[in-house]
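Below you'll find the structure, written out as structure tokens, and then a few comments.
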Amino acid sequence: MTGTSAAVLLALLIVLGALTGAVIGSFAGVVRSRGWRGALRGRSHCVGCHRTLRWHELVPIASYAVQGGRCRVCRAEIGREALVVELAGAAAGVLVTLGVVGLALLLAG
Ligand SMILES: [Zn+2]
Numbered sequence: 004m005t006g007t008s009a010a011v012l013l014a015l016l017i018v019l020g021a022l023t024g025a026v027i028g029s030f031a032g033v034v035r036s037r038g039w040r041g042a043l044r045g046r047s048h049c050v051g052c053h054r055t056l057r058w059h060e061l062v063p064i065a066s067y068a069v070q071g072g073r074c075r076v077c078r079a080e081i082g083r084e085a086l087v088v089e090l091a092g093a094a095a096g097v098l099v100t101l102g103v104v105g106l107a108l109l110l111a112g
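Under my numbering, think of the first position of the sequence shown as 4, with each following residue one higher.
This is the structure we're talking about:
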């Protein structure tokens with residue numbers, strides 16, 4: 004493997020780790036606010052207008068950024084906590100990825 008393809012592979016793994024971490028962080032945020040049963044049952048809704056959120060309003064970090072932290076319809080505030088949990092999940096995903104890659108390189112000698 005060339006240096007360039009190794010760097011591209013590492014970058015892809017880091018992005019994948021960040022995305023996975025953000026999704027896990029997002030789910031953890033839902034469990035925190037609605038409990039395990041609530042998180043596994045029913046779709047997410049706006050606390051302002053009680054409208055069920057569409058898939059594109061549920062993309063971790065990106066939806067918050069695109070909508071400016073507010074409901075797309077009633078403009079109710081989403082709450083920064085959701086974003087913080089998703090960002091923390093993404094950061095944890097990157098750290099885990101780097102740890103796993105580092106360990107794999109160490110074991111490979
Ligand atoms: Zn709303």
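Built from N, CA and C at the ideal position, the CB exists for glycine as well.
Proximal residues to I64 (C-beta, below 8 Å), its chain only, five neighbours per side dropped: A25, L86, E89, L90 and A93
Buried/exposed call for S8, threshold 16 Cβ in 10 Å: exposed
Residue ranges of each alpha helix (DSSP H) within the segment 30-73, 4 or longer: 65-69
Segment contact flag, the segment 13-23 with the segment 74-81, C-beta cutoff 8 Å, min 3 pairs: no
Limits of the alpha helix (DSSP H) - the one that A107 falls within: R83 to A111
Outcome for G28 when other beta-carbon atoms lying within 10 angstroms are tallied against a minimum of 16: buried
7 Å Cβ shell around V34 - same chain, five flanking residues per side excluded: A42
C-alpha distance - A111 paired with V103, whole-angstrom precision: 12 Å
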